[in-house]
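First the structure, in the form of structure tokens, and then the observations on it.
In UniProt numbering, the protein residues as written are 1 to 758.
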């Protein structure tokens, strides 16, 4: 039985709401009229309730109306709703509130006014002994209005929750693997990849409880079709999880890619898994919401530590009887050892977890827990045969071939592929461009027999006058840290070291010419460009191309490429148009990004490229000269870079912060070593940034272990308290479980400032 509600109790709550509303009059003057209307109706209702309570004590007939308690509860719920919007807990009438803004929309006010007015009228009619039919009708109207208010509040709460989940998901997974899934499905033929479902994979999938080998590792050569195989397994597991509602099963996946640096970070790999679960389990989103940090990162990342990842995975696994965790192309992250070590630890701790990995390399640790499956040439060739059959059945060019010609094409492709699905696809693509059977047969016999020869033929067909920009384009796409937009790449290929300005005479008349020049080697999706396949990168880096007599000019070298890109980025940022320093309006800032398409990439990524090779003395001098422009009027080119990096109009922040702070904040380890050398006069504890933090504190806050160690050994004080957070570098290192750094801080025997950065 519901607890009885007294009219005086509700009247007392009205008095409190009125007092709270009056506090908004001076703080939110634009809502003065709405506040007065609400307080007027509330006061009138309060009078009606007090009169009703007084009359009911002498006339018990008033309490016999069957809807009195229901009406009192509706009014109480309406008042509680108003209290919550005013920032007041239902039981905390004496708590102070902070008034930031008027919390009601105009539609809210209209609904509340209608509810209050009709409630007052209902009790007035009860006092006057109006007809039962009139009271019932008015009660229904009040109930409808109250329900509308609650529905509106629920809707807004839902919208807020969805927005919070969306923000957490973006933070957890700044890289979306769905694009790789779409690409793989385009190339997969129905009926392929069934060979993988042998006894070993089925046992891995179906075994309950502890498993001797919970990690299933698939290896294959670049171009053999690992990603297609990966997504075929993913599709099967997703279908299985959907069909077994009684058993709580789920699957999460991530694709590493050399085209996207953010996809290679350990925190983002696991973050992708967490994000997929958070979209269907709100409590998982809430768990990670408390870890979420804001701030600009050169490479988007959630910045979770391995310790936080392990704790987060345990929280996720509690919700399932079995969880399949899948990672594609683990060889495309430099952090593969850390990822595998974390996965092995998680499998040992939780028998519910099953892990599947694809890679070009075989595992070097945890062999006892890992089942290794090597992709065989015979198995892949069977898939290639099915793939060729499907294209014969579905594409007009191939459907026109007679059965004998189709068999000839299939036999040649299958027997010559040697388990290289990528080669077979390129062959079929090339054949599909010919318009007659005679031409197809003629070219079939001349098709290069290996993937390297296939790519070499593509490069050799590029006209001599276009080979320069083609090489530049391929170099940038091989080593860019994220996919490039067409206008970005067009700007990059024409930029030369030493340029001080760029105009239309220097730029490509039509950026789309790059897609034509590099046809078959570049993949474009929604104006984002990458290499068409990772095997192209492998080919351009190979000894084979360096020794080629026809296309050796296209060979690339990792260190040289990163050095070239970094130096081009610094050249771009040092153009004459940016020497005047940061601008003061949003329009001017946006105009810079529009007029100079490569600006966003150059400002964000040059520090990361500087970490991918050993800096030469020329590079060090150029970087120091770039930083020294901070002493120019309006902080010069350095100030422009900081504004572009942060996308801010807070010029005080730009001018007051030294290069050392940004080197620490963005983990520029090599640059930190240069700045911390004896002879470079710096204040190692000088505060900067938005919250005036020390370089050491911001390094620890962002989890930049190497940067923090360098700063501490150079004399930074870990005991200086931060201005925003009531903590210091030592306590923050403890909080973030940076055990190596905590030990270093605690080692009082280590004389800070005694070691020179090496």
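Cβ atoms here follow ideal geometry from the backbone N, Cα and C, with glycine treated the same way.
Quantities reported herein were computed from a predicted structural model and do not represent experimental measurements.
query                                                                                                               : result
For residue 736, the three-state DSSP class (helix, strand or coil)                                                 : coil
Rounded separation between residue 660 and residue 258 - CA only                                                    : 29 Å
Whole-Å CB distance - residue 475 paired with residue 561, under 8 Å assumed                                        : 5 Å
Straight-line Cα distance separating residue 315 from residue 252                                                   : 15 Å
Cross-strand partners of residue 529 (DSSP beta bridge)                                                             : 484 and 524
Whole-Å CB distance - residue 635 paired with residue 688, under 8 Å assumed                                        : The Cβ separation is near 13 Å, so there is no contact.
Secondary structure of residue 623, DSSP reduced to three states                                                    : helix
Residue 300 beta carbon less than 7 Å from that of residue 210                                                      : no
Residue 554 beta carbon less than 7 Å from that of residue 471                                                      : yes
The alpha helix (DSSP H) enclosing residue 77, as first and last residue numbers                                    : 68–85
Nearest to residue 352 (by Cα), restricted to the options 368, 178 and 321                                          : 321
Local Cβ density within 10 Å of residue 22, reported as buried at 16 or more and exposed below that                 : exposed
Exposure label - residue 485; buried when at least 16 CB within 10 Å                                                : buried
Presumed contact (8 Å Cβ cut-off) between residue 177 and residue 254, rounded CB distance                          : 6 Å
Identified DSSP bridge partners for residue 170                                                                     : In DSSP, residue 170 forms no bridge with anything.
Assumed close pair residue 305, residue 703 - CB separation to whole angstroms, cut-off 8 Å                         : 6 Å
8 Å Cβ shell around residue 96 - same chain, five flanking residues per side excluded                               : At residue 96, the pLDDT of 36 sits below 50, so the modelled position is not reliable and the matter cannot be decided from this model.
Buried versus exposed call for residue 625 [16 or more other C-beta atoms within 10 Å across all chains shown]      : exposed
Runs of alpha helix (DSSP H) wholly within the stretch 307–381 (minimum 4 residues, chain order)                    : 336–349
Cβ-based burial, residue 380 [other Cβ within 10 Å; buried from 16]                                                 : buried
Simplified DSSP state of residue 552, which is helix, strand or coil                                                : helix
Given 8 Å, three or more beta-carbon pairs between the stretch 212–232 and the stretch 261–272                      : no
Three-pair Cβ contact test at 8 Å for the stretch 434–454 versus the stretch 403–416                                : yes
Same chain, Cβ closer than 7 Å to residue 201, neighbours up to 5 away in sequence not counted                      : 216
Exposure label - residue 584; buried when at least 16 CB within 10 Å                                                : exposed
CB of residue 691 within 7 Å of CB of residue 731, strictly                                                         : no
Sequence-distant residues of the same chain with beta carbon closer than 7 Å to residue 336, five excluded per side : 330
For residue 74 and residue 99, the rounded distance between their alpha carbons                                     : Note that residue 99 scores 44 on pLDDT, short of 50, meaning its location in the model is unreliable; the coordinates nonetheless yield the value given after this. If I take the Cα positions, the gap works out to 27 Å.
Minimum C-alpha distance to residue 744 - residue among 721, 705, 722 and 218                                       : 705
Residue 12 (DSSP reduced to helix, strand or coil)                                                                  : helix
Nearest residue (CA-CA) to residue 421, options 20, 222 and 114                                                     : 222
Start-to-end residues for the beta strand (DSSP E) that takes in residue 219                                        : 215–219
8 Å Cβ shell around residue 37 - same chain, five flanking residues per side excluded                               : 109 and 113
Three-state secondary structure (DSSP) of residue 668                                                               : coil
Residue 719, DSSP secondary structure in three states                                                               : coil
Residue 733 beta carbon less than 7 Å from that of residue 700                                                      : yes
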